[in-house]
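**Student:** Numbering (the numbering used here), first residue to last: 3 to 270. Below are the structure tokens for one structure; questions will follow.
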Ligand code: LIP
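Listed below in structure tokens is the structure:
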């Protein structure tokens, strides 16, 4: 990567530090499948521990900044205009099942705008990062969204609602969307981490991604990755993205419109 800002370096250092313990936790998760309590409590503990380490490292470097975190929620900083948005483990279901597809997601929000983001899978050691106006990178290599222009060549990712979740309607809506997209595309993937889904769109692996019912920490870092990699990001209706709304539609510039149209048509 050409030049990393001091803030981006702080984020990367924090993620690397937290990854040491997280990798150890992941190594032990398999044995917990047979324990009495089961792995769920253990994962919550790993989530909390990782978030604490990230928070500690970031606070050490930037004591004034606030936080929005999956586990601890909002922590106001003395600087009202800057905060970190953190998901310590995005893809917790994968983590608990011993599937090595999960990531830490850290974004920096300044004056309401996301200005930097990293998504780090500590197992594959893939580090995706981006800063406003500086492009997106995977382990120091510049990445760009795909250039595919035809729906029938495209592979899209999504998240399947579970346990009744999904903010914009019910499971039936999702089934309609999936039916419509699978009829016109090369395929749909559901790998279980929205942060990594967005990073994969930025890297051109997926041609697009959509999901509803997400939280700001699931997508804050991924959104800047996709934008800096040249992709478009909106909500499913094609409107400006609001992190709190939890609805996201993203794709390369050729496919954003047709994917959105397919989804909206399916919802009618
Ligand atoms: C998860 C997302 C996933 C989504 C799940 C969940 P978590 O985040 O990344 O794509 O489908 O509903 O929100 O809970 O592992 O941080």
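Every residue gets a Cβ at the ideal spot worked out from N, C-alpha and C, and that includes glycine. These numbers come from a predicted model, not from an experiment.
1. If you follow the alpha helix (DSSP H) that residue 80 is in, where does it begin and where does it stop?
2. Taking the alpha carbon of residue 197 as the reference point, which residue from 57, 103 and 30 has its own alpha carbon closest?
3. Pick helix, strand or coil for residue 107, following the three-state DSSP scheme.
4. Using a Cβ-based criterion (distance less than 6 Å to any ligand heavy atom), does residue 187 qualify as near the ligand LIP?
5. Is residue 202 helix, strand or coil by DSSP?
6. Measure the beta-carbon distance from residue 201 to residue 227 and round it to whole angstroms, keeping in mind my assumption that it falls under 8 Å.
7. DSSP puts residue 137 in a beta bridge; with which residues?
8. Could you spell out the range, first to last residue, of the alpha helix (DSSP H) harbouring residue 191?
9. Confirm the yes/no value for this check: CB of residue 223, any heavy atom of the ligand LIP, distance under 6 Å.
10. Three or more C-beta pairs closer than 8 Å, one from the stretch 237-251 and one from the stretch 150-158: is that the case here?
11. Using the C-alpha atoms, what's the distance from residue 52 back to residue 222?
12. According to DSSP, is residue 123 helix, strand or coil?
**Tutor:** For this structure:
1. The continuous stretches of alpha helix (DSSP H) do not include residue 80, and DSSP gives it neither H nor E.
2. When 57, 103 and 30 are compared, the shortest CA-CA separation from residue 197 is found for 103.
3. Strand at residue 107.
4. In this structure, the ligand LIP has no non-hydrogen atom nearer than 6 Å to the beta-carbon of residue 187.
5. Helix, per DSSP.
6. About 5 Å separates the two Cβ atoms, so the contact holds.
7. Note: residue 137 is bridge-paired with 133 in the DSSP secondary-structure output.
8. Element bounds for residue 191: not the alpha helix (DSSP H) but the beta strand (DSSP E), 189-191.
9. For residue 223, the distance from the CB to the nearest heavy atom of the ligand LIP is not below 6 Å.
10. Between the stretch 237-251 and the stretch 150-158 there are fewer than three C-beta pairs closer than 8 Å, too few to call the two in contact.
11. Going from the Cα of residue 222 to the Cα of residue 52 covers about 18 Å.
12. Three-state DSSP puts residue 123 in a strand.
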